[in-house]
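> My questions will all concern the structure given below.
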Amino acid sequence: MFRILLLILVPFLGIANALTVGWKVPIEQFNPDLTTNGRVRKLDRPPGESAFFKAGDELWEISKAVEWRGEPRTNQDPFEESDAIWQGDWIVWNASSRMIVARGTFVELKEAEKSLGFEEGLSVMKMRFELSGGAAGGDERRVLSLSSSNGKKAKAESHGFQVSAEPYAGQSASTDLIWSASWPAGEEDSSWKAEATVVLKDGQEFLLARGGEGQGAWKLTGSVVRQTIDGIRSSESRWVELPKQQVMPWPPGHEEFAPVRRPLGESLQIGVYSGAADFLYQEDPVLVEPPAALAEWVTGPVIDARESLEILGFLFLREGFFAGFDVKSGRLLTIADAQQQEMLQDDFVDSPRAPFRLWAETNLEAGGITCRSGQKASLFRSRKGEIQQLFEIEATEGDDRIVDVRYAIQIAPDEKATGGMSLIKEKPQALAKFLRSGKETDFTLTIRDHWGR
Numbered sequence: 076m077f078r079i080l081l082l083i084l085v086p087f088l089g090i091a092n093a094l095t096v097g098w099k100v101p102i103e104q105f106n107p108d109l110t111t112n113g114r115v116r117k118l119d120r121p122p123g124e125s126a127f128f129k130a131g132d133e134l135w136e137i138s139k140a141v142e143w144r145g146e147p148r149t150n151q152d153p154f155e156e157s158d159a160i161w162q163g164d165w166i167v168w169n170a171s172s173r174m175i176v177a178r179g180t181f182v183e184l185k186e187a188e189k190s191l192g193f194e195e196g197l198s199v200m201k202m203r204f205e206l207s208g209g210a211a212g213g214d215e216r217r218v219l220s221l222s223s224s225n226g227k228k229a230k231a232e233s234h235g236f237q238v239s240a241e242p243y244a245g246q247s248a249s250t251d252l253i254w255s256a257s258w259p260a261g262e263e264d265s266s267w268k269a270e271a272t273v274v275l276k277d278g279q280e281f282l283l284a285r286g287g288e289g290q291g292a293w294k295l296t297g298s299v300v301r302q303t304i305d306g307i308r309s310s311e312s313r314w315v316e317l318p319k320q321q322v323m324p325w326p327p328g329h330e331e332f333a334p335v336r337r338p339l340g341e342s343l344q345i346g347v348y349s350g351a352a353d354f355l356y357q358e359d360p361v362l363v364e365p366p367a368a369l370a371e372w373v374t375g376p377v378i379d380a381r382e383s384l385e386i387l388g389f390l391f392l393r394e395g396f397f398a399g400f401d402v403k404s405g406r407l408l409t410i411a412d413a414q415q416q417e418m419l420q421d422d423f424v425d426s427p428r429a430p431f432r433l434w435a436e437t438n439l440e441a442g443g444i445t446c447r448s449g450q451k452a453s454l455f456r457s458r459k460g461e462i463q464q465l466f467e468i469e470a471t472e473g474d475d476r477i478v479d480v481r482y483a484i485q486i487a488p489d490e491k492a493t494g495g496m497s498l499i500k501e502k503p504q505a506l507a508k509f510l511r512s513g514k515e516t517d518f519t520l521t522i523r524d525h526w527g528r
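Last residue of the sequence shown: 528 (our numbering), numbering continuous.
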């Protein structure tokens, strides 16, 4: 399948046009003292015109202070100081805004980002868990906040609500989180416990588990925010300068967003797809006003994408058609006929899904839990050490919306069922029957992609 990256690269990989990007990377991680480092130079004036600079800014040229990680340009003796030179236009440390600002081509800026340790610098994990509903005592809620570095376990406890969490930084500003939580169930010597491994998108709150019935119903949500060591959130850690000297945040990764297809009039369709922020690196990007029909999906400046799509064989220059890239959200906004939308979604756009994140839910009070594809998740209630209710699931994604599952369910100490089978996403499947209040009741399991709350 083609990827939207092809749309990005074709127009600009071979061009000399440059773009300006800023990173809020702690300068201390590679150059602690500017005044005593002979490989930096204080500038009397900005290296070029940019909205990243203001009158009176303290600027330092740092191209020789960075350990460049690109392809070697010489046969370098490993015991000698590297002579690799960055090929971009310029790169400076703006001490006034505490931001590294660089201008160059796509490849040069990506090399700079890697050499600056941008992704690795987002190493502080701020985690938040919230328990609400019957388990928290009526309408009350309990909140636990934890901080940890990448790969380090953290624990917290408050009024019987206990959480253990171990975060691992993933790609595209996501975090793999191994977590467990427990809390009193309301009855004497009774408690709930949930544990799973999940992939969480940075800064988004996700439903992790829910269970119970009636006044005892509860839900548990969680979120992870990645930061630099000096407290800069990932959503504000990278910035880009657009045409007309507009500067705006450019978060790493892109928004998780279920594709939208909607009819528009008699012959056209709206298509909204999660793209990639690198799209803005095209030759001479042009800002455009999207049609009013797309207004509900517009969050920031929109770059015209029609000619880029035409280069790859799509027909978006027809009357009434539109294609634009929303820089802030990372969405590709389109209006076209059904044929072009089908081609775009099926053969070109790598339609996103929740990354290995599934929601598994039962129809009984055992509840539901978020799980990572291929990883076991469990939710159970115990009393005096004996399990009263249990829901355990291991779901592995396959092709064509098929999910292979292994499960264990217990709704009472003497009523249990275990097994394994393949399910279709979104379609409830009866797996067992239990006698409830004198009537046979199906136990059903539903698996779906989990996009958020």
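The beta carbon of each residue, even a glycine, is placed where N, CA and C say it ideally should be.
Are F400 and I410 close, meaning C-beta to C-beta below 8 Å?
Along the sequence shown, read from residue 1 onward, the residue named residue 400 stands at position 325. Along the sequence shown, read from residue 1 onward, the residue named residue 410 stands at position 335. No.
> Look at the alpha carbon of K268 and the alpha carbon of F466, and state the distance between them as a whole number of angstroms.
Numbered from its first residue, the sequence shown carries residue 268 at position 193. Numbered from its first residue, the sequence shown carries residue 466 at position 391. Spanning the two alpha carbons is a distance of roughly 11 Å.
> Which one of E364, S125, L109 and T272 has the shortest CA to CA distance from M323?
Along the sequence shown, one-based indexing puts residue 323 at 248. Answer by Cα proximity: S125.
> Which of the three DSSP states, helix, strand or coil, is assigned to Q344?
As a position in the sequence shown, residue 344 is number 269, starting the count at 1. Strand.
> So what does DSSP say about L419, is it helix, strand or coil?
In the sequence shown, the residue the question calls residue 419 occupies position 344. Here L419 sits in helix by DSSP.
> Out of E501, F509, V274 and I477, which has the shortest C-alpha to C-alpha gap to D489?
For the purposes of this step, residue 489 is taken as the residue at position 414 of the sequence shown. For the residues E501, F509, V274 and I477, the minimum Cα distance to D489 belongs to F509.
> DSSP on I307, reduced to helix/strand/coil?
As a first step, residue 307 is located in the sequence shown; it is residue number 232 there, counting from the start. If DSSP states are grouped into helix, strand and coil, I307 belongs with coil.
> Could you tell me the distance, in whole angstroms, from the CA atom of P503 to the CA atom of H525?
Here residue 503 refers to the residue found at position 428 when the sequence shown is read from its first residue. Here residue 525 refers to the residue found at position 450 when the sequence shown is read from its first residue. Distance between the alpha carbons of P503 and H525 is about 16 Å.
> Whole alpha helix (DSSP H) runs in the segment 220-289 with 4 or more residues, listed along the chain?
Segments of the alpha helix (DSSP H) lying fully in the segment 220-289: there are none.
> Short of 6 Å in beta carbon distance, which residues of its chain neighbour V218, apart from the five on each side in sequence? Order them along the chain.
Working through the sequence shown from its first residue, we reach residue 218 at position 143. So the list reads E205, once near-sequence residues are dropped.
> Could you work out which residue in L295, P318, V377 and S404 is closest to P326 when comparing CA atoms only?
Taking the sequence shown and counting its residues from 1, one reaches residue 326 at position 251. Here the closest residue by C-alpha is S404.
> Please state the DSSP three-state secondary structure of P326.
For the purposes of this step, residue 326 is taken as residue 251 along the sequence shown, with counting starting at 1. Residue state, collapsed to three classes: coil.
> If you check the beta carbons only, do R447 and T272 fall under 8 Å apart?
Translated into the one-based positions of the sequence shown, residue 447 becomes position 372. Translated into the one-based positions of the sequence shown, residue 272 becomes position 197. Going by C-beta atoms, R447 is nearer than 8 Å to T272.
> If you measure between the beta carbons of I175 and W168, is that distance less than 8 Å?
Counting from 1 along the sequence shown, the entry for residue 175 is found at position 100. Counting from 1 along the sequence shown, the entry for residue 168 is found at position 93. Yes. Within cutoff.
> Go ahead and label K276 buried or exposed: buried means 16 or more other beta carbons lie within 10 angstroms of its beta carbon, across all protein chains shown.
Here residue 276 refers to the residue found at position 201 when the sequence shown is read from its first residue. It is buried - the Cβ of K276 has at least 16 other Cβ atoms within 10 Å.
> Quick one: is V347 near chain C, going by C-beta distance under 8 Å?
Chain labels in this structure do not include chain C; a single protein chain is all it has.
> Do you know how far the Cα of G235 is from the Cα of W258?
Counting from 1 along the sequence shown, the entry for residue 258 is found at position 183. Counting from 1 along the sequence shown, the entry for residue 235 is found at position 160. Spanning the two alpha carbons is a distance of roughly 5 Å.
> Report back the beta-carbon spacing between I462 and I444 to the nearest angstrom; my notes put them in contact at under 8 Å.
Counting from one through the sequence shown, the residue named residue 462 turns up at place 387. Counting from one through the sequence shown, the residue named residue 444 turns up at place 369. 16 Å between Cβ atoms; not a contact.
> Going along the chain, which residues of its own chain have a beta-carbon closer than 7 Å to the beta-carbon of Q485, five neighbours each way excluded?
Along the sequence shown, one-based indexing puts residue 485 at 410. Result list for Q485: I462, Q464, L465 and K491, in chain order.
> Helix, strand or coil, according to DSSP, for K319 in the structure here?
Locating residue 319 in the sequence shown gives position 244, counting from the first residue. Reduced to three states, the DSSP call for K319 is helix.
> Is the separation between the beta-carbon of T471 and that of A483 shorter than 8 Å?
As a position in the sequence shown, residue 471 is number 396, starting the count at 1. As a position in the sequence shown, residue 483 is number 408, starting the count at 1. Going by C-beta atoms, T471 is not nearer than 8 Å to A483.
> Apart from the five residues on each side of it in sequence, which residues of its chain come closer than 7 Å, Cβ to Cβ, to E155?
Position 80 of the sequence shown, counted from the start, is the residue given in the question as residue 155. Note that E155 scores a pLDDT of 49, beneath 50, so its modelled location is shaky and nothing firm can be said.
> What residue does the beta strand (DSSP E) around S497 start on, and which one ends it?
Locating residue 497 in the sequence shown gives position 422, where the first residue counts as 1. First-last of the beta strand (DSSP E) with S497: E490 to I499.
> With a Cβ-Cβ cutoff of 8 Å, do V141 and L191 count as a contact?
Taking the sequence shown and counting its residues from 1, the one referred to as residue 141 is at position 66. Taking the sequence shown and counting its residues from 1, the one referred to as residue 191 is at position 116. Yes. Within cutoff.
> Which first and last residues belong to the beta strand (DSSP E) in which R432 is found?
For the purposes of this step, residue 432 is taken as the residue at position 357 of the sequence shown. First-last of the beta strand (DSSP E) with R432: R432 to T437.
> Quick one: is G97 buried, meaning 16 or more other Cβ sit within 10 Å of its Cβ, or exposed?
Along the sequence shown, read from residue 1 onward, the residue named residue 97 stands at position 22. So G97 counts as buried.
> Per DSSP, which one or two residues make a beta bridge with R114?
Taking the sequence shown and counting its residues from 1, the one referred to as residue 114 is at position 39. Answer by DSSP bridge pairing: none, since R114 is not bridged.
> On the criterion of 16 or more Cβ atoms from any shown chain inside 10 Å, does P360 qualify as buried, or is it exposed?
Here residue 360 refers to the residue found at position 285 of the sequence shown. Buried: at least 16 other Cβ atoms inside 10 Å.
> G196 lies in the beta strand (DSSP E); which residues open and close that run?
Within the sequence shown, numbered from 1, the residue matching residue 196 stands at position 121. Run containing G196: none in the beta strand (DSSP E); it sits in the alpha helix (DSSP H), F193 to G196.
> Given a threshold of 16 other Cβ atoms within 10 Å of its Cβ, counted over all protein chains shown, does T95 qualify as buried or as exposed?
Position 20 of the sequence shown, counted from the first residue, corresponds to residue 95. Classification for T95: buried.
> Rounded to whole angstroms, what's the CA-CA distance from A177 to Q302? Just pull it up for me.
Counted from its first residue, the sequence shown places residue 177 at position 102. Counted from its first residue, the sequence shown places residue 302 at position 227. The alpha-carbon atoms of A177 and Q302 are separated by roughly 21 Å.
> Can you look up E472 in the DSSP assignment and give me helix, strand or coil?
The residue given as residue 472 occupies position 397 in the sequence shown. E472: strand per DSSP, three-state reduction.
> What's the gap between the Cα of D305 and the Cα of E241?
Against the sequence shown, residue 305 aligns to sequence position 230. Against the sequence shown, residue 241 aligns to sequence position 166. If I take the Cα positions, the gap works out to 21 Å.
> Taking Cβ to Cβ, would you say L506 is nearer than 8 Å to V402?
Working through the sequence shown from its first residue, we reach residue 506 at position 431. Working through the sequence shown from its first residue, we reach residue 402 at position 327. Not a contact, by the Cβ cut-off of 8 Å.
> Going by C-alpha to C-alpha distance, which of Q415, S207 and G395 sits closest to A367?
Mapped onto the sequence shown, residue 367 falls at position 292. It is G395 whose Cα lies nearest to the Cα of A367.
> Just grab the DSSP bridge partners of L362 for me.
In the sequence shown, residue 362 corresponds to position 287, counting from 1. In the DSSP output, where bridge partners are listed per residue, L362 has I378.
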